[in-house]
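See structure below.
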Amino acid sequence: MVKIPIAIMIGAGSKLPALIKAAKSPQSRFYISLVVSHRSFSPGIKYALFKKIPAIYFKLPDYRKRLFNGSKKARADYMKRLGWFISQREYFPKLLVFAGWDLVMDKNFFSFFKAKFGNGYAAINLHPALLPQENEGAKIKLPDGSFTPIIKGEQQEVLKTVIAKKLTYFGPTVHFMVPVQFDTGEVIKRAFIKIASGQSPESLRKKLMPQEDRILTESINEVISKYL
């Protein structure tokens, strides 16, 4: 079986160990050609290099001040440079996998990774909360018949919101990406996790992480099998 190269876009890199392990499986459809983080302190970069996987810290500080001051030119420059670098023949990933990456990416970046599937780009994202299918609208129906609103944001914020709203289920989503929009795009897979009484953000996180690992690996293999 020919394996397809993918690039993993990370923050700290908590998903890397499971993805690296999955990539080594004979049944896996992918191998990791590159790991990228915009965080200089990312443990995931060191871990990938230890595992002999190409990994880079793509320096953001030079752009940060201008980005947050609203400079469109600086933002476009950063996105183009990053997209160009990742798309080079040395790495040439057929699929981008965002797992913990927290920068909003625009068309200047995604133009290097156009595809005839998903939302038009060969990129998927792991989100720590349930996101709606196209026919569900603003609320998601849970296995017990109740509904949950759409919850966006980073993992810790999501888990606090889940507890505050006293939801009965929560879980991660893997979806195709849309430029400039966080947590939006065609859903590939979700996992519903039952919430017991007396849960804390930390106890929910321990339930969440193995399900994230599972559906992310399954989604990568599914996308490759269907489209690549």
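Per my numbering, residue 1 is the first one in the sequence shown, and the count goes up by one each step.
Yeah, the Cβ is synthetic: ideal placement off N, Cα and C, and Gly gets one too.
Quick one: using the 10 Å Cβ neighbour count with 16 as the cut-off for buried, is residue i buried or exposed?
{"i": "Met1", "result": "exposed"}
{"i": "Gln155", "result": "buried"}
{"i": "Phe41", "result": "exposed"}
{"i": "Pro210", "result": "exposed"}
{"i": "Tyr121", "result": "buried"}
{"i": "Gly13", "result": "buried"}
Would the beta-carbon of residue i fall within 7 angstroms of that of residue j?
{"i": "Leu167", "j": "Thr184", "result": "no"}
{"i": "Gly44", "j": "Ile86", "result": "no"}
{"i": "Ile53", "j": "Ile224", "result": "no"}
{"i": "Phe110", "j": "Pro179", "result": "yes"}
{"i": "Ala7", "j": "Pro132", "result": "no"}
{"i": "Tyr47", "j": "Leu16", "result": "yes"}
{"i": "Ala123", "j": "Leu96", "result": "yes"}
Identify the continuous alpha helix (DSSP H) that holds residue i and give its terminal residues.
{"i": "Ala22", "result": "16-23"}
{"i": "Ala74", "result": "72-86"}
{"i": "Asn221", "result": "201-227"}
{"i": "Pro149", "result": "Run containing Pro149: none in the alpha helix (DSSP H); it sits in the beta strand (DSSP E), 147-149."}
{"i": "Val162", "result": "155-164"}
{"i": "Phe110", "result": "107-110"}
{"i": "Ala55", "result": "Per DSSP, Ala55 belongs to no alpha helix (DSSP H); it is in the beta strand (DSSP E), 55-57."}
{"i": "Tyr47", "result": "43-50"}
In its own chain, which residues sit with a C-beta less than 7 angstroms from the C-beta of residue i, not counting the 5 before and 5 after it?
{"i": "Ala23", "result": "Phe30, Tyr31, Ile32"}
{"i": "Leu130", "result": "Ile140, Thr148, Phe170, Gly171, Thr173, Arg190"}
{"i": "Glu222", "result": "Ile188"}
How would you write the range of the beta strand (DSSP E) that residue i sits in, first residue to last?
{"i": "Phe98", "result": "95-99"}
So, at 8 angstroms on beta carbons, what are the nonlocal neighbours of residue i in its own chain, with the 5 sequence-adjacent residues on each side left out?
{"i": "Arg214", "result": "Ala191"}
{"i": "Leu208", "result": "Pro128, Gln155, Leu159, Phe170, Gly171, Pro172, Ile193"}
{"i": "Trp84", "result": "Phe112"}
Which residues does DSSP list as the beta-bridge partners of residue i?
{"i": "Gln181", "result": "Val178"}
{"i": "Ser197", "result": "Beta-bridge pairing links Ser197 to no other residue."}
{"i": "Arg190", "result": "Thr173"}
Skipping 5 residues on each side, what residues in its chain have a beta carbon closer than 6 angstroms to that of residue i?
{"i": "Ile56", "result": "Val36"}
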